[in-house]
Amino acid sequence: MTDTTPPVRATLDQDVIDAWQVALAEYKRKGGWVYAIATACALASVAWWIATRQRLAMTGLVAGLGIGAIYDARARQHLRCPHCGQPPIYGGRRQDVLTMQWCPHCYYWLRKPW
62 MTDTTPPVRA TLDQDVIDAW QVALAEYKRK GGWVYAIATA CALASVAWWI
112 ATRQRLAMTG LVAGLGIGAI YDARARQHLR CPHCGQPPIY GGRRQDVLTM
162 QWCPHCYYWL RKPW
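So the number in the working numbering is just where the residue sits in the sequence shown, counting from 1, plus 61.
Shown next as structure tokens:
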């Protein structure tokens with residue numbers, strides 16, 4: 062079994078899937094604008110750097126990347142499995158919580174497997 066393959070005994074519960082979809086939608090609604098600002102900041106600073114070749118322009122790129130990293134870390138802390146209440150990630154590994162298919166702690170599907 063690899064890290065991306067769910068166990069054979071993963072439980073399919075529609076209530077857990079629905080609760081996960083609601084949690085994802087609420088999280089994206091509250092903070093979706095953060096990625097837009099981070100991307101715009103990074104792209105504007107790269108364009109400014111190309112036009113002027115000033116070192117100060119790269120601070121915008123660093124700020125944009127930092128905002129994106131903070132948003133990702135926030136998702137890891139606040140999005141929890143509706144069944145077991147733990148973040149659906151493996152400890153210490155870089156994974157996108159927003160795209161998790163199943164919880165590695167309780168083996169419940171967070172999205173429909175088909």
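Beta carbons are placed, not taken as given, at the ideal position from N, Cα and C, and that holds for glycine.
For W175, the three-state secondary structure derived from DSSP is coil. Contact check for Y151 and V95: beta-carbon distance about 25 angstroms, past the 8 angstroms limit, so the pair fails to qualify. The C-beta distance from A80 to G129 rounds to 27 angstroms, too long to meet the 8 angstroms contact threshold.
Rounded to the nearest whole angstrom, the C-alpha separation of M161 and P174 is 11 angstroms. With a 10 Å radius around the Cβ and a threshold of 16 neighbouring Cβ atoms, V123 comes out exposed. In this structure, the CA atom of A118 is about 19 angstroms from the CA atom of A97. Taking all protein chains shown into account, G121 has 16 or more neighbouring C-beta atoms within 10 Å of its C-beta and is therefore buried. For H139, the enclosing alpha helix (DSSP H) covers residues A118 to H139. In this structure, Y168 lies away from D74, with their beta-carbon atoms at least 7 angstroms apart.
With a cutoff of 7 angstroms on beta-carbon distance, P143 and V77 are scored as near each other. In this structure, the beta-carbon distance from A136 to V158 falls below 7 angstroms.
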